[in-house]
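Let me begin by presenting the structure, written as structure tokens, before commenting on it.
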Amino acid sequence: MENIIWTWLELNNGELSESSMEILGEARKLGNTLKGQIHAFLLGEYADEAAAKAAIYGADVIYIATDSIFRTYCPEACLAAFAQQVSRPPRIVMISGTRNGASLAPRIAARFQWGYLANVVKVAPQEDGGLKINTETFQAKVNNTYTFSARQTVVLVLQPGSIGVGKADKKRTGEVRPLEPLADMTNHIEITGFIKADPRSVSLNDAERVVAGGNGFCNQEDLKILQGFADALGAAVGSSKPIADKGWVTYNRLVGQSSGRRLAPNLFVSVGISGATHFIEGMKESPLIISINKDKGAPLMKEADLAVVGDLYEILPEITRQIKAMRGEAEDHGK
Ligand SMILES: Cc1cc2nc3c(=O)[nH]c(=O)nc-3n(C[C@H](O)[C@H](O)[C@H](O)COP(=O)(O)OP(=O)(O)OC[C@H]3O[C@@H](n4cnc5c(N)ncnc54)[C@H](O)[C@@H]3O)c2cc1C
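Count along the sequence shown from 1, then add 138; that gives the number in the working numbering.
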């Protein structure tokens, strides 16, 4: 079996998605170790335009299809596209565990009778040609190791945001190979509209703004001040580990290395968080970081683009009031 690694790439408004760049970078690293090739499937209306970007992030061969059925996610059509190339089977299929990626990966495994693993954090090639694969579940509390022989193809799902986007090599080029047009197919998934995500429930990975609270809060009740601030900003609430450990928020709100993801929202505001490396690892890629802390020497105050020194119990209600005033909203004490 050749050391070919397949990846499936996603487009957001015609642009290669961030999770796709991330998975390409990881596939590239593995491909370099295995001396293998990265074959990427780019299926969508603007696939041809995004192909060059796929190459600079690591793809050697880019299969493209611009059939109209790919305007929206259609798993059956994706499988039909993969089937065109399956006579030269891959050794590994790497998929980012986005909503669509997590839906497609097990279908690929089932269709072609390949192995399947989700929540993958590490893939290590072995001397005998096999693979040792680590997975993490339950907020990284359960770690498992699996081995696959050199003859087994395996579909791996990696947590989006857990690795980060690697550096593009602008000199890299790839070979673009158009796939055969698909025979008439029906997409059984119909998108009837989009609902704007509620920042209170949206996953931290998808939030455009995040405000995170830490040990600077004296009790759980006080987190209402943080929620009020987040609501005014249209931000999702995150937390440092002590807050999640105390059970004041659920673990899916955790920011930092233990969460297994690296957040990079447009705006990240930390409130009463010192900035241990474990925490900073999970948010340092954010383009705009504001830190509110009464200790100006706290590590996150140095990392921040804007450091606000003061007591959160005075600052948060005041900023919340001012944001609301700017928006012409009535005062409701942050509840
Ligand atoms: C293996 C391992 C993994 C870990 N993973 C994570 C992780 O993923 N995420 C994570 O967060 N931590 C993680 N930790 C824990 C981490 O090392 C820190 O202990 C933790 O991040 C500290 O949280 P904190 O900043 O909220 O608390 P503290 O370090 O106690 O900081 C509280 C801050 O609040 C400020 N403050 C207090 N009162 C006020 C006030 N009234 N107004 C303004 N500021 C105030 C203080 O000046 C201080 O800087 C991990 C630790 C280990 C060993």
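Where a beta carbon is used, it is the ideal one built from N, C-alpha and C, also for glycine.
Everything numeric in this text was worked out from a predicted model, so none of it was measured.
Between the alpha carbons of T204 and G163 lies a gap of roughly 24 Å. The segment 364–371 and the segment 456–466 touch, with three or more beta-carbon pairs separated by less than 8 Å. DSSP places S241 within a helical segment (H, G or I) once states are collapsed to three.
In the structure shown, the three-state DSSP call for T236 is coil.
Residue state for S396 is assigned as helix, using DSSP reduced to three classes. Taking non-hydrogen atoms of ligand 1 into account, the C-beta of H416 is found less than 7 Å away from one of them. Counting along the chain, the unbroken beta strand (DSSP E) around Q175 starts and ends at 175–181.
Collapsing the DSSP output to three states places S339 in coil. Here the segment 217–226 does not lie against the segment 155–170, with fewer than 3 beta-carbon pairs under 8 Å apart. A heavy atom of ligand 1 is found nearer than 7 Å to the CB of A436. Using a 10 angstroms sphere on the CB of S225, the tally of other CB atoms stays under 16, which defines it as exposed. Listed in chain order, the non-local C-beta contacts of L317 below 6 Å within the same chain comprise Y201, A203, A219, Q222, local neighbours out to five positions each way being set aside. Counting the other CB atoms within 10 Å of its CB gives T273 a total of 16 or more, which places it among the buried residues. Apart from the 5 residues on each side of it in sequence, E441 sits with its Cβ closer than 8 Å to the Cβ of G413, I418, K422, I427, S429 in its chain, given in chain order. Contact between V258 and L296 holds, with the beta-carbon distance rounding to 5 Å and staying under 8 Å. R459: member of the alpha helix (DSSP H) spanning 450–465, first to last residue.
In this structure, ligand 1 has a non-hydrogen atom nearer than 7 Å to the beta-carbon of P380.
The bridge partners DSSP lists for R347 are L405.
Annotation for F332: no alpha helix (DSSP H) segment contains it, and DSSP assigns it neither H nor E. About 6 Å separates the beta carbons of P298 and N343, which is inside the 8 Å limit, making them a contact pair.
The beta carbon of K260 sits closer than 6 Å to the beta carbons of N272 from its chain, once the five residues preceding and following it are set aside; these are given in chain order. With a contact defined as Cβ atoms closer than 8 Å, S377 and A350 qualify at about 6 Å.
Listed in chain order, the beta strand (DSSP E) runs fully inside the segment 255–299 are 269–275, 280–286, 292–296, counting runs of at least 3 residues. In this structure, Y201 has its beta carbon at no less than 7 Å from each heavy atom of ligand 1. Excluding residues up to 5 positions away in sequence, E156, M159, E160, G163 lie with their Cβ nearer than 7 Å to the Cβ of V303 in the same chain.
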